Amino acid sequence: MSDVLFQRVGPVATLTLNRPELRNALGPSVIAQLTALFGALRMDDTRVVVLTGAGSSFCAGADIEWMRSSRDLPVEANVADAAATRTMFEAIDSCPKPVIARVNGHAMGGGAGLVACADIAIAAGEARFGFTEARLGIVPALISPYVLRRIGPGHTRALFTSARVFDAAEAHRTGLVQRIVSEDELDAAVAEAVEDFLACGPAAIAETKRLLRDATAGLALEDLPQRIAAIRASPEGQEGLAAFIEKRKPGWVSRSAAS
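The opening position of the sequence shown corresponds to residue 577 in my numbering, with each subsequent residue numbered one higher.
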């Protein structure tokens, strides 16, 4: 059975980490499958991606057996492993489709990094989080750009250096997650977020995500007038403006409703 389950219903794709006996820990197979799936989703007509975990955990971070085996690897192999993991995080973060983290349980280490890569995270109240790498004598290097951008330098420094586990309420205060609900309400809350994204133009979302990545990377955005002019002149931009003037829903909303 696959370590990452893929399901698509209409315009919504759900990716489920499927190693519940290992609390959905990250290993080479999971990393390769997530990278491939997010790569494929860039090119198809999926409108929203939901990332979640099977069982009672979201993702416990790196697989302990995988970490143990890395002690015997040469430096070059360790670098290759790390590069593959970084590629996975980048594939999720750079996905032009909106990504919802459905945090059904604990998210530790790299699992919390997955949460930081999503556009919105909705967590069950019982979920716990932690950037616990320092307690293992290692550093959260690969997730650091995404976490730093998500929660800012103050929270990142405090949570990375203490490596302590924290609850969903603190995750919400820091901005790591945007909403906390009971476990019974999790699916309904995710469905609400899906509908919010489906109400927006897909090209506008993709361009907005690109804009924010460029801005937070410190790039000089001299081409902002050209960017907005291009989207205004695009078929989607023209349809959105016409729908507003005519007081009707734009075509992408009716298409998603029919899917």
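By construction, the Cβ of each residue, glycine as well, lies at the ideal position given by its N, Cα and C atoms.
Note that the coordinates shown come from a computational prediction; the quantities given were computed from them, not determined experimentally.
Going by the CB atoms, is the gap between residue j and residue i shorter than 8 Å?
{"i": "V715", "j": "A697", "result": "no"}
{"i": "D695", "j": "P721", "result": "no"}
{"i": "R755", "j": "A765", "result": "yes"}
{"i": "A818", "j": "K825", "result": "no"}
{"i": "L581", "j": "D639", "result": "no"}
{"i": "F707", "j": "V723", "result": "yes"}
{"i": "A710", "j": "T737", "result": "yes"}
{"i": "A747", "j": "I719", "result": "no"}
{"i": "G681", "j": "S633", "result": "yes"}
{"i": "L602", "j": "G629", "result": "no"}
{"i": "A699", "j": "V624", "result": "no"}
{"i": "G777", "j": "G816", "result": "yes"}
Short of 7 Å in beta carbon distance, which residues of its chain neighbour residue i, apart from the five on each side in sequence? Order them along the chain.
{"i": "S835", "result": "Its pLDDT being 49, under 50, S835 is placed unreliably in this model, and the coordinates cannot settle the point."}
{"i": "S605", "result": "D579"}
Rounding to the nearest angstrom, what Cα-Cα distance links residue i and residue j in this structure?
{"i": "A793", "j": "A683", "result": "26 Å"}
{"i": "R595", "j": "T611", "result": "17 Å"}
{"i": "T784", "j": "A667", "result": "17 Å"}
{"i": "E652", "j": "A745", "result": "40 Å"}
{"i": "D799", "j": "D760", "result": "46 Å"}
{"i": "Q583", "j": "L613", "result": "11 Å"}
{"i": "A589", "j": "D763", "result": "14 Å"}
{"i": "R733", "j": "R789", "result": "21 Å"}
{"i": "A677", "j": "D648", "result": "34 Å"}
{"i": "V829", "j": "D772", "result": "10 Å"}
{"i": "R803", "j": "M619", "result": "21 Å"}
I think residue i touches residue j, with their Cβ atoms under 8 Å apart; what is that distance to the nearest whole Å?
{"i": "L627", "j": "L690", "result": "7 Å"}
{"i": "A636", "j": "G701", "result": "So it is not a contact: roughly 19 Å between Cβ atoms."}
{"i": "L591", "j": "C671", "result": "With 8 Å as the limit, L591 and C671 do not qualify as a contact, their Cβ atoms being about 11 Å apart."}
{"i": "T661", "j": "I727", "result": "Contact doesn't hold; Cβ gap of about 20 Å is too wide."}
{"i": "V791", "j": "L797", "result": "One detail in the question is off: residue 791 reads as Ala in this sequence, not Val. Contact flag correct, Cβ pair sits at about 6 Å."}
Could you give the residue range of the beta strand (DSSP E) that holds residue i?
{"i": "I696", "result": "I696 to A700"}
{"i": "D743", "result": "V741 to D743"}
{"i": "T628", "result": "V624 to G629"}
Among residues of its own chain, excluding the 5 on either side of residue i, which ones have a beta-carbon nearer than 8 Å to its beta-carbon?
{"i": "N654", "result": "S646"}
{"i": "D621", "result": "P587"}
Please list the terminal residues of the continuous alpha helix (DSSP H) segment that includes residue i.
{"i": "S645", "result": "I640 to S646"}
{"i": "V651", "result": "V651 to D669"}
{"i": "I719", "result": "Here I719 belongs to no alpha helix (DSSP H), and DSSP marks it neither H nor E."}
{"i": "V606", "result": "P604 to L617"}
{"i": "L559", "result": "This structure does not reach residue 559, given that the chain is present from 577 up to 835, and the question cannot be answered."}
Given residue i, which residues of its chain have a CB within under 6 Å of its CB, disregarding the five upstream and five downstream residues?
{"i": "G813", "result": "I807"}
{"i": "G631", "result": "P596"}
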